[in-house]
Amino acid sequence: MNWSTKRAIVEAVATLNVENLHAAKVPAPVGSSTTKNERSENKDIQLTSTYLSRQGSLNWIGQLGRIDCLTPISQAGSVMTSRKPSHIAKQSQIISYLNRTSDTTLTWDTNNHLTKANQLTYYSDGSYIGESLDSRMGYVGVLNGGAVVSESKLTKFQCSGVFDVEEAAAALAAKDLIYRRQFLIEFGYPQEQTTLFCDNAATIQFTEKQLITSLNKHIMARGAYTRSLQA
Numbered sequence: 014m015n016w017s018t019k020r021a022i023v024e025a026v027a028t029l030n031v032e033n034l035h036a037a038k039v040p041a042p043v044g045s046s047t048t049k050n051e052r053s054e055n056k057d058i059q060l061t062s063t064y065l066s067r068q069g070s071l072n073w074i075g076q077l078g079r080i081d082c083l084t085p086i087s088q089a090g091s092v093m094t095s096r097k098p099s100h101i102a103k104q105s106q107i108i109s110y111l112n113r114t115s116d117t118t119l120t121w122d123t124n125n126h127l128t129k130a131n132q133l134t135y136y137s138d139g140s141y142i143g144e145s146l147d148s149r150m151g152y153v154g155v156l157n158g159g160a161v162v163s164e165s166k167l168t169k170f171q172c173s174g175v176f177d178v179e180e181a182a183a184a185l186a187a188k189d190l191i192y193r194r195q196f197l198i199e200f201g202y203p204q205e206q207t208t209l210f211c212d213n214a215a216t217i218q219f220t221e222k223q224l225i226t227s228l229n230k231h232i233m234a235r236g237a238y239t240r241s242l243q244a
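For what it's worth, my numbering labels the leading residue of the sequence shown as 14, then goes sequentially.
Next comes the structure, spelled out in structure tokens:
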């Protein structure tokens, strides 16, 4: 299975105000950084609008699959309201690079599948009060042995234990799973029952069977969603 972002790049180049496109190397290596404009000065509204428009297109192309450009795109996005002329030049460099490499594709080889070719598999996990004393939840979706989506975020609610954050991670993964399944089906890749792996026994039991206790009644609504997806 191949995934191309060429159409999005061609449309972006045709729409955005970019001059003197030329061949360019990868704009920024992983681990590099950029600085904001700390000077107090009048902002050019037109230039700011152009910068935001171009950044929106770059963000979209990066999310579509151009992972080789995520670092410079993220750097350009971190200075949305305090940009320098060099930041605008960096945007142009990114667009030039994308234009030169528009034929680049992501490939998921069916020979590398975990269970069956072109079938989604999900993994969810949660961390309760980690090193920074924050709880974090996340998931990864795998297709033909390669990741197609991943997300990691801090919980926005009070967690009273490991079960809370593990169950929230499973619910977060389940919501994305439904979208990705339908996406692949519409592209002509029928999906069998999708497996979501979770390493927390309490979450698995709670998802498969509704058990109401004083410790889990506060997440009944979220648990109802994951239970409704059971085959």
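Think of the CB as a built atom: it goes at the ideal place given N, C-alpha and C, for glycine as much as any other residue.
- According to the Cβ coordinates, are residue 152 and residue 182 closer than 8 Å? For the purposes of this step, residue 152 is taken as residue 139 along the sequence shown, with counting starting at 1. For the purposes of this step, residue 182 is taken as residue 169 along the sequence shown, with counting starting at 1. A contact, by the Cβ cut-off of 8 Å.
- Report all residues from its chain with a CB closer than 8 Å to the CB of residue 205; omit the five preceding and five following residues, and keep chain order. For this step, residue 205 is matched to residue 192 along the sequence shown. Excluding sequence neighbours, residue 205 sits near 129 and 132.
- Report yes if the C-beta distance between residue 154 and residue 135 is below 8 Å; otherwise report no. For the purposes of this step, residue 154 is taken as residue 141 along the sequence shown, with counting starting at 1. For the purposes of this step, residue 135 is taken as residue 122 along the sequence shown, with counting starting at 1. Contact: yes.
- Message: Among the candidates 83, 66 and 117, whose CA atom is the shortest distance from the CA of residue 25?
- Response: In the sequence shown, residue 25 corresponds to position 12, counting from 1. If we check each option's Cα against that of residue 25, 66 comes out closest.
- Task: Give the single residue among 185, 120, 167 and 141 whose Cα lies nearest to the Cα of residue 160.
- Result: Stepping through the sequence shown from its first residue, residue 160 is reached at position 147. Answer by Cα proximity: 120.
- Task: Identify whether residue 70 lies in helix, strand or coil by the three-state DSSP scheme.
- Result: Within the sequence shown, numbered from 1, the residue matching residue 70 stands at position 57. Correct three-state label for residue 70: helix.
- residue 196: buried (16+ other C-beta within 10 angstroms of its C-beta) or exposed? Numbered from 1 along the sequence shown, position 183 holds the residue referred to as residue 196. Label assigned to residue 196: exposed.
- Would you list, in sequence order, the uninterrupted alpha helix (DSSP H) runs of no fewer than 4 residues that lie entirely inside the segment 70-124? Within the segment 70-124, the runs of alpha helix (DSSP H) at least 4 residues long that lie entirely inside it are, in chain order, 83-90 and 98-113.
- Message: Helix, strand or coil for residue 245? Go by DSSP, reduced to three states.
- Response: Shown here, the chain extends from 14 to 244; a query on residue 245 therefore has no answer.
- Query: In three-state terms, what does DSSP make of residue 136?
  - Reply: Your numbering for residue 136 matches position 123 in the sequence shown. Looking at residue 136 - three-state DSSP - the assignment turns out to be strand.
- Message: Applying the 10 Å Cβ sphere with the 16-neighbour rule, what's the burial state of residue 179?
- Response: Residue numbering aside, residue 179 sits at position 166 when the sequence shown is read from its first letter. Classification for residue 179: buried.
- Go ahead and label residue 213 buried or exposed: buried means 16 or more other beta carbons lie within 10 angstroms of its beta carbon, across all protein chains shown. Indexing the sequence shown from 1 puts residue 213 at position 200. The residue is buried, with at least 16 neighbouring Cβ atoms inside 10 Å.
- Item | residue 148 beta carbon less than 8 Å from that of residue 167 | Here residue 167 refers to the residue found at position 154 of the sequence shown. Here residue 148 refers to the residue found at position 135 of the sequence shown. Their beta carbons are under 8 Å apart, which means residue 167 touches residue 148 by this criterion.
- Message: Out of 125, 17, 75 and 201, which one is the CA nearest neighbour of residue 156?
- Response: What you label residue 156 is simply residue 143 of the sequence shown in a count that begins at 1. Nearest to residue 156 by alpha-carbon distance, out of 125, 17, 75 and 201, is 125.
- Could you tell me how far apart the beta carbons of residue 78 and residue 86 are, in whole angstroms, since I believe they sit closer than 8 Å? Position 65 of the sequence shown, counted from the start, is the residue given in the question as residue 78. Position 73 of the sequence shown, counted from the start, is the residue given in the question as residue 86. With a Cβ gap of about 12 Å, residue 78 and residue 86 do not count as contacting.
- Query: beta strand (DSSP E) containing residue 152: first to last residue?
  - Reply: Against the sequence shown, residue 152 aligns to sequence position 139. Element bounds for residue 152: 149-156.
- Would the beta-carbon of residue 140 fall within 8 Å of that of residue 22? As a working note, residue 140 is residue 127 in the sequence shown. As a working note, residue 22 is residue 9 in the sequence shown. No.
- Own chain residues within Cβ distance below 8 Å of residue 198, not counting five before or after: Locating residue 198 in the sequence shown gives position 185, counting from the first residue. Short of 8 Å from the beta carbon of residue 198, and not among the five residues preceding or following it, lie these beta carbons of its own chain, in chain order: 204.
- Query: Rounded to a whole number of angstroms, what is the C-alpha to C-alpha distance between residue 99 and residue 175?
  - Reply: Within the sequence shown, numbered from 1, the residue matching residue 99 stands at position 86. Within the sequence shown, numbered from 1, the residue matching residue 175 stands at position 162. If I take the Cα positions, the gap works out to 46 Å.
- Message: Determine whether the beta carbon atoms of residue 90 and residue 59 lie at a separation below 8 Å.
- Response: What you label residue 90 is simply residue 77 of the sequence shown in a count that begins at 1. What you label residue 59 is simply residue 46 of the sequence shown in a count that begins at 1. No.
- Task: Quick one: give me the first and last residue of the beta strand (DSSP E) that residue 208 is part of.
- Result: Taking the sequence shown and counting its residues from 1, the one referred to as residue 208 is at position 195. For residue 208, the enclosing beta strand (DSSP E) begins and ends at 208-211.
- In terms of residue numbering, what span does the alpha helix (DSSP H) encompassing residue 166 cover? Against the sequence shown, residue 166 aligns to sequence position 153. Segment 159-167 is the beta strand (DSSP E) holding residue 166; no alpha helix (DSSP H) there.
- Message: Taking only three categories from DSSP, how would you classify residue 62?
- Response: As a working note, residue 62 is residue 49 in the sequence shown. Helix at residue 62.
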